[in-house]
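Engineer:
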Amino acid sequence: MSEQTRAAMQGVTRSMAAQSGEAVTEVVRHQRAQPSGWWGMVLFLCAEVTLFGTLLATYFYLDFDASRWPPAGIAPPKVVLPLVATGVLVTTSIPMALAARFARAGRRSPTAWMIVLALVVQCCYLAAQVLLFRHDLLQFKPSQSAYGSIYFTILAAHHAHVVLGILLGLAVLWHLTLRGLTNYWLIGVRGVALYWHVVNALAVLVVLTQLSPSL
Amino acid sequence: MATVVSPRAERHVDRLERIWAERPGLIGWLTTTDHKRIGLLYFFTSLAFFGAGGVEALLIRTQLIGPNQHLLSPQAYDEVFTMHGVTMIFLFVIPMTTGAFGNYLVPLMIGSRDMAFPRMNALSYWIFLGSGLFMYYALVSGHAPNSGWFDYVPLASKQYDPGNNIDFYGYGLIFNGIASTAAAINFIVTIFKLRAPGMSLNRMPLFCYAFLAVSFALLFALPALSVACLFLELDRQLGFHFYDAGFGGDPLLWQNLFWIFGHPEVYIIILPAFGIATSIIPTFVHRRMVWFPLVALAEIMVAFLGFGVWVHHMFAVGFATLTTVYFAAASLIIVIPSGIQLFAWITTILTGTPEFETPLLWIIGFIIFFIIGGLSGITVAAIPFDQQVTDSYYIVAHFHFVIFGAAVFPILGGMYYWFPKVTGRMYHEGVGKLSFYLTFVGTFVTFFPMHILGIMGMPRRVYTYPSGMGWTFLNLLQSIGAYVLTAGLVLIVANLVVSYFRGEPAGNDPFGGDTLEWSTTSPPPPYNYPVIPTISSAYAMWDKEDRERDNRRLDRGEGLIQLGHETPASTVQDAEYDEILAMPPHSPWPPVTALSLLGMFAMLLLHHYAIAAGFVVVGLLMLFAWHDKEVSV
Amino acid sequence: MLLWWWMLGASVIVFLGAVGMLGLAWFRRRSAGLPIFGEREDINQRLVLLFGIGIPTVVLTVLFAVSNIYLIGQTAPPAVASTSMTIDVIAHQWWWEVRYPGTQAVTANEIHIPITTRVNVVGTTADVIHDLWVPQLARKIDLVPGRKNRVLMYASRSGTYGGQCAEFCGFQHAHMGLRVVAQSPAAFRSWLTSMAAPATSSTGAGAQAGRQLFMSAQCASCHQIRGTSARATVGPDLTHVASRSTLAAAEIPNDPAHLAAWISNPQAIKPGDRMPDLGLSRTQVNEIVAYLDSLH
């Protein structure tokens, strides 16, 4: 180990000791690499992206093989509402990105409010999507065709990830308000923001796939 | 419990000993987050599953010892050969390599005190145990999966397999996959961030490169399997039609998804074995690995290229020639990085001064079997040839040579090699060598004749065969070989068990090893290293100056990092010291979270969907509680 | 097969070479470095390049060119125009349905083809995935629901060739064999004509009783005998069952004793098979055997 390193090891911040906004900014200033928790979220998202890649590839695989897609008796999907809903969801990346930035600056209150804003929009999105999902289920069923099977499975998988994202946001919010902004929850905020960026990007791919027969 | 270098140093580690002391008794094992204990849990559990898979293999070989035998009915045989495959792959080889060897050794080799996410590490183990018990409950209750370890539809669909046998498979593999995904994430972050300061990527042991490659492969391959099983269960339980040709679905979708996972899986199986080989060879030939960077690159290339070849499992399906030819070409390209590694090992052995002690013998056996298995694999990349021998015993020979000969032999060699480190005792060398020769001969006699049987036309997965085909003698020979092989394996276990109680004390470094774990005590203290090691090269143990410098620092009480349960974190590429992390000491949450997941899968199996949802809620609450009390200094 | 022998030869050379190097390592275990060259890392690296990249690239390219560019044409599905006739094979759990399009001929578990004729075999399945494999005449071809896979079958010499299912398909996968009989074109044509004809009616008393029993017991609910009221296609077509050399998907020889054993207790011969134990008395079995044995 070099002299520099040994010297550094004498006085570096123990990041877990950062229990306040101020201490958090100190840690952020000294850190040269992304924290472990951030990497963990990145890798988890790699797996989820692969999962969705597989689902979407299955959609096009079945589409490619089929003579009529959707099969006879199922109307091609309506375009407007799903696109609008997805557009609204994608905008929540802005408050989440801001939340991460405020958290890195050690500012607890703005962080929490940005998360609240994002959560409200996300919940509205989810409600709208549940209604659209139910409407679709009345038109055709997954147990009637492979088209229905893959259509509803992709949408359900996406909505499940939205639900998970909302729960993650709530958990982070809970700790921010009750425990304060510590280094641990800074990583939490950054992780959840990253999660939402990826889910939003996937939402775009999902809606384009879902609407592909009509586009 | 540690024996440190000098009496002067003892007082410095006192505090470390107290902070890192394991909780005693059963509760200590249940709530442990220590990578070494988790590694041992994985070791014994996967060894038990190895035994189960072995019994299944012996049942198969005994049933096939002669034509028209009646030991197993076709229904029982189908369950036995399916469980043999599922057990050996998902419940033995992967958990043994990644869970046992990886968990125990990677943090030690990188000079860290634990994995990046110790509680998630424990969770991975408990989920693995849960998934194993889940699937074995099927066998015990007489409803084991019975359409082969790759479970083709429509045979595995509700129509042709109406009981819940396949549901144990579908749910069980999703369950098992969660453990492996979590483990993969853990290894990658650990290797990226927790290497001792100074261990830049080009100074990391090849063993860790293998595990890095394996982890990325697991991360990107498992989703395909999970999706395939999800579709299977949706078809079976809710009447979906992913795989129904009559409704716009496609049975080949299953095959594609399965093999997109399945082929990387076989590289996931073998890469850790490569890692073990590259640890044992330098130690026993007293020489650095020839062309280390190329070998490291080759390990990663194998994992990467493994994603592009899956259709070679489907050459008889009836795809267009262009498709099959492309995948055959890709399959042949993978030979190159394997060949590079193979000849690097052989050249290293040739140019070193090898001592053919037990661990190296196992690696020699591995090399021999890997060559044969690799060659038979090359032959089936010749599509016209494959279209005659696929689904025959030729393929059974090929994959047993590469999986048993080439993946398991290093595991057995590694068990001998690291036994002194883990237990502090030496095994009996003479019995070790005998166990090798027995196992080697048994393996050869069991699996080599299968090449011939395949070419003679014996198909695979048959519960019996007629007399008069000319297959009888070879089958008899194979079954005898299997018993010899079993004897060899039993001898290994006997050697290690007896040596545990009666072996000579081993000391820190009985073999002159090249990696860091040999610098600490045998067994290592819970905190692994009192002083975070100084690193100047990829062969840390052979840098005597660094090791002495560390001892002097320990005597002076410098660099212990012991304000709490702590380990340093570094930057990813150059391992520049970055911060100090606090590690969680014990936690009850991993086992109970795994239990709630088990509850969920059990309820799904029983079609109690509302209760399953309840278990999901419980599991989420547990995850919430887990993060509630943060790890502090 | 020639390809196999070349590959085996090359493999043996590679294997002996590598093991030879290991043997050399054992002999020279006391001295470090290479023989002759000594400790030369650059030579070591060149050895790795040569054996790990250089030689494999050459050998594998040759293998690829020979097998996957040149030879593969012989195993590709034949251009239909290049074949003289088509046979439909439909796999079932655990028997083979064989049809000759353009004729009324339907049989089971036995395919006849004329020699020196390119035959286009079109395969599919009625249930799960099976694989048609007649090793001496053709490559393996999977039979997949929703797909019609084609394979070329060509026999240069007359004879009986064995085949079997080669994709695990359930309990009796081990006992799903078939026979391919290659005959002279004239013999084939007369066989095909007799196959296409409805059942020859039988006159013996035992056979008449057997026929009655066949129609009234459960037999007719699964098996077809063209020219009678038995029209079900769940199990194999039995119109000319007596002309076949084997029974139960090439499992047992076709003689009265085996046929009787099969009808009495199919589960004893093929446990898990779809044909149930019918609970017939010995007399009834013998009558049915007499009837079926008259169906040439």
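Protein chains in written order, with our numbering: chain A, 20 to 234; chain B, 451 to 1083; chain C, 96 to 391. All C-beta atoms, glycine included, are put in the ideal place defined by N, C-alpha and C. Nothing here was measured: the structure is a model prediction, and the numbers come from that model.
Please classify T453(B): is it buried, with 16 or more other beta-carbons within 10 angstroms of its beta-carbon, or exposed?
Structural biologist: The residue you call residue 453(B) lines up with position 3 of the second sequence. Per-residue confidence for T453(B) stands at a pLDDT of 44, beneath the threshold of 50, marking its modelled position as unreliable; the derived number appears in the next sentence. Exposed is the call here.
Engineer: Determine the contact status of T728(B) and L668(B), defining contact as a CB-CB distance below 8 Å.
Structural biologist: Within the second sequence, numbered from 1, the residue matching residue 728(B) stands at position 278. Within the second sequence, numbered from 1, the residue matching residue 668(B) stands at position 218. Their beta carbons are not under 8 Å apart, which means T728(B) does not touch L668(B) by this criterion.
Engineer: Output needed for N626(B): all residues of its chain with C-beta closer than 7 Å, excluding positions within five of it in sequence on either side, in chain order.
Structural biologist: Position 176 of the second sequence holds residue 626(B). The residues are F540, F578, S581.
Engineer: Distance cutoff 8 Å, beta carbons only. Does L1071(B) sit that close to anything in chain A?
Structural biologist: Position 621 of the second sequence, counted from the first residue, corresponds to residue 1071(B). No - not a single Cβ of chain A is within 8 Å of the one on L1071(B).
Engineer: Taking the beta carbon of T829(B) as the centre, do at least 16 other beta carbons fall within 10 Å, making it buried, or is it exposed?
Structural biologist: In the second sequence, residue 829(B) corresponds to position 379, counting from 1. Looking at its Cβ environment, which holds 16 or more other Cβ atoms inside 10 Å, T829(B) is buried.
Engineer: Can you find at least 3 beta carbon pairs, one from the segment 458 to 474 of chain B and one from the segment 1006 to 1015 of chain B, that sit closer than 8 Å?
Structural biologist: yes
Engineer: Within the same chain, show all residues whose beta-carbon is closer than 7 Å to that of V1066(B), passing over the 5 residues directly before and after it, in chain order.
Structural biologist: Counting from 1 along the second sequence, the entry for residue 1066(B) is found at position 616. For V1066(B), where only same-chain residues beyond five positions count, the Cβ hits under 7 Å are M1050.
Engineer: Contact between the segment 878 to 893 of chain B and the segment 823 to 841 of chain B: three or more CB pairs below 8 Å?
Structural biologist: no
Engineer: Quick check: what's the CA-CA separation for A200(C) versus A292(C)?
Structural biologist: On the third sequence, residue 200(C) is found 105 positions in, with the first residue counted as 1. On the third sequence, residue 292(C) is found 197 positions in, with the first residue counted as 1. If you take the alpha carbons of A200(C) and A292(C), they lie about 7 Å apart.
Engineer: Tell me the start and end of each unbroken beta strand (DSSP E) in the segment 127 to 205 of chain A that is at least 3 residues and wholly inside, in chain order.
Structural biologist: none
Engineer: Within the continuous alpha helix (DSSP H) that includes H485(B), where are the two ends?
Structural biologist: Numbered from 1 along the second sequence, position 35 holds the residue referred to as residue 485(B). Where H485(B) is concerned, the enclosing alpha helix (DSSP H) stretches over 485 to 513.
Engineer: On a Cα-Cα basis, can you pick out the residue from L1047(B), L1010(B), Y877(B), Q838(B) that is closest to V229(C)?
Structural biologist: Here residue 229(C) corresponds to residue number 134 of the third sequence, with the count starting at 1. Of all alpha-carbon atoms in L1047(B), L1010(B), Y877(B), Q838(B), the one lying nearest the alpha-carbon of V229(C) is that of Q838(B).
Engineer: If you reduce the DSSP assignment to three classes, tell me which class I1061(B) lands in.
Structural biologist: Here residue 1061(B) corresponds to residue number 611 of the second sequence, with the count starting at 1. In the three-state reduction of the DSSP assignment, I1061(B) falls in the helix class, which pools H, G and I.
Engineer: Are N978(B) and P655(B) closer than 8 Å when you measure CB to CB?
Structural biologist: Translated into the one-based positions of the second sequence, residue 978(B) becomes position 528. Translated into the one-based positions of the second sequence, residue 655(B) becomes position 205. Contact: no.
Engineer: Give me, in chain order, the residues of the same chain whose beta-carbon lies closer than 7 Å to that of T105(A); leave out the 5 immediate sequence neighbours on both sides.
Structural biologist: Numbered from 1 along the first sequence, position 86 holds the residue referred to as residue 105(A). By the criterion of a C-beta distance shorter than 7 Å, T105(A) is surrounded in its chain by A222, V223, V226, once the five residues flanking it on both sides are discounted.
Engineer: Can you name the start and end residues of the beta strand (DSSP E) that G920(B) belongs to?
Structural biologist: Translated into the one-based positions of the second sequence, residue 920(B) becomes position 470. Run containing G920(B): none; DSSP gives neither H nor E here.
Engineer: Span of the beta strand (DSSP E) holding Q278(C)?
Structural biologist: Mapped onto the third sequence, residue 278(C) falls at position 183. Here the beta strand (DSSP E) through Q278(C) covers 272 to 278.
Engineer: Could you please give the first and the last residue of the uninterrupted beta strand (DSSP E) stretch that includes R120(A)?
Structural biologist: Taking the first residue of the first sequence as position 1, residue 120(A) is located at position 101. Run containing R120(A): none in the beta strand (DSSP E); it sits in the alpha helix (DSSP H), 112 to 123.
Engineer: Taking only the alpha-carbon atoms, compute the straight-line gap between M102(C) and V161(C) and give it to the nearest angstrom.
Structural biologist: Locating residue 102(C) in the third sequence gives position 7, where the first residue counts as 1. Locating residue 161(C) in the third sequence gives position 66, where the first residue counts as 1. Each residue's alpha carbon lies about 11 Å from the other.
Engineer: Inspect the CB distances between the segment 596 to 610 of chain B and the segment 494 to 509 of chain B and report whether three or more fall short of 8 Å.
Structural biologist: no
Engineer: Under 8 Å between C-beta atoms, does Y170(A) make it to chain B?
Structural biologist: In the first sequence, the residue the question calls residue 170(A) occupies position 151. Output row for Y170(A): interface = no.
Engineer: For the putative contact between V175(C) and I182(C), defined by C-beta atoms under 8 Å, what is the C-beta separation to the nearest angstrom?
Structural biologist: Indexing the third sequence from 1 puts residue 175(C) at position 80. Indexing the third sequence from 1 puts residue 182(C) at position 87. Their Cβ separation, rounded to whole angstroms, is 13 Å, which puts V175(C) and I182(C) out of contact at 8 Å.
Engineer: According to DSSP, what are the bridge partners of H225(C)?
Structural biologist: The residue you call residue 225(C) lines up with position 130 of the third sequence. DSSP output for H225(C) lists L238(C) as bridge partner(s).
Engineer: Going by DSSP, what residue range makes up the alpha helix (DSSP H) through Q259(C)?
Structural biologist: In the third sequence, the residue the question calls residue 259(C) occupies position 164. DSSP places Q259(C) in no alpha helix (DSSP H) but in the uninterrupted beta strand (DSSP E) bounded by 254 to 260.
Engineer: Less than 8 Å between the CB atoms is what I'm expecting for V61(A) and L213(A), so what's the real figure, rounded?
Structural biologist: As a first step, residue 61(A) must be located in the first sequence, where it is residue number 42. As a first step, residue 213(A) must be located in the first sequence, where it is residue number 194. With a Cβ gap of about 7 Å, V61(A) and L213(A) count as contacting.
Engineer: Under 7 Å Cβ-Cβ, which residues of chain B neighbour P371(C)?
Structural biologist: Translated into the one-based positions of the third sequence, residue 371(C) becomes position 276. Those within 7 Å of P371(C) in chain B number zero; the least Cβ separation is about 16 Å.
Engineer: Going by CA-CA distance only, name the one from R284(C), L247(C), G305(C) that's closest to Q394(C).
Structural biologist: With chain C covering 96 to 391 only, the question about residue 394(C) has no answer from this structure.
Engineer: Below 8 Å between beta carbons: does that hold for P732(B) and D959(B)?
Structural biologist: One-based indexing of the second sequence puts residue 732(B) at position 282. One-based indexing of the second sequence puts residue 959(B) at position 509. Not in contact: P732(B) and D959(B) (Cβ atoms no closer than 8 Å).
Engineer: Considering just the uninterrupted stretch of the beta strand (DSSP E) at T181(C), what are its terminal residues?
Structural biologist: One-based indexing of the third sequence puts residue 181(C) at position 86. That run of the beta strand (DSSP E) goes 180 to 187.
Engineer: Tell me the rounded alpha-carbon separation between R123(A) and R209(A).
Structural biologist: Here residue 123(A) refers to the residue found at position 104 when the first sequence is read from its first residue. Here residue 209(A) refers to the residue found at position 190 when the first sequence is read from its first residue. Taking the straight line from one Cα to the other gives about 8 Å.
Engineer: Does DSSP put R875(B) in a helix, a strand or coil?
Structural biologist: Here residue 875(B) is taken as the residue at index 425 of the second sequence, counted from 1. Strand.
Engineer: Can you pull the chain E neighbours of I320(C), defined as C-beta to C-beta under 7 Å?
Structural biologist: In the displayed structure, chain E is absent; the protein chains listed are A, B and C.
Engineer: Quick one: does W58(A) have its CB under 8 Å from some CB of chain B?
Structural biologist: On the first sequence, position 39 is the one that residue 58(A) refers to. Answer yes: the Cβ-Cβ gap between W58(A) and chain B drops below 8 Å somewhere.
Engineer: So T1092(B) contacts chain A; which residues on that side make the cut at Cβ distance below 7 Å?
Structural biologist: Shown here, chain B extends from 451 to 1083; a query on residue 1092(B) therefore has no answer.
Engineer: Please report how far the alpha carbon of C260(C) lies from the alpha carbon of H270(C), in whole angstroms.
Structural biologist: As a first step, residue 260(C) must be located in the third sequence, where it is residue number 165. As a first step, residue 270(C) must be located in the third sequence, where it is residue number 175. If you take the alpha carbons of C260(C) and H270(C), they lie about 8 Å apart.
Engineer: For chain C, check one thing: does any of its Cβ atoms lie closer than 8 Å to the Cβ of A452(B)?
Structural biologist: One-based indexing of the second sequence puts residue 452(B) at position 2. Note that A452(B) has pLDDT 39, beneath the 50 cutoff, so the model's placement of it is unreliable and no number is given.
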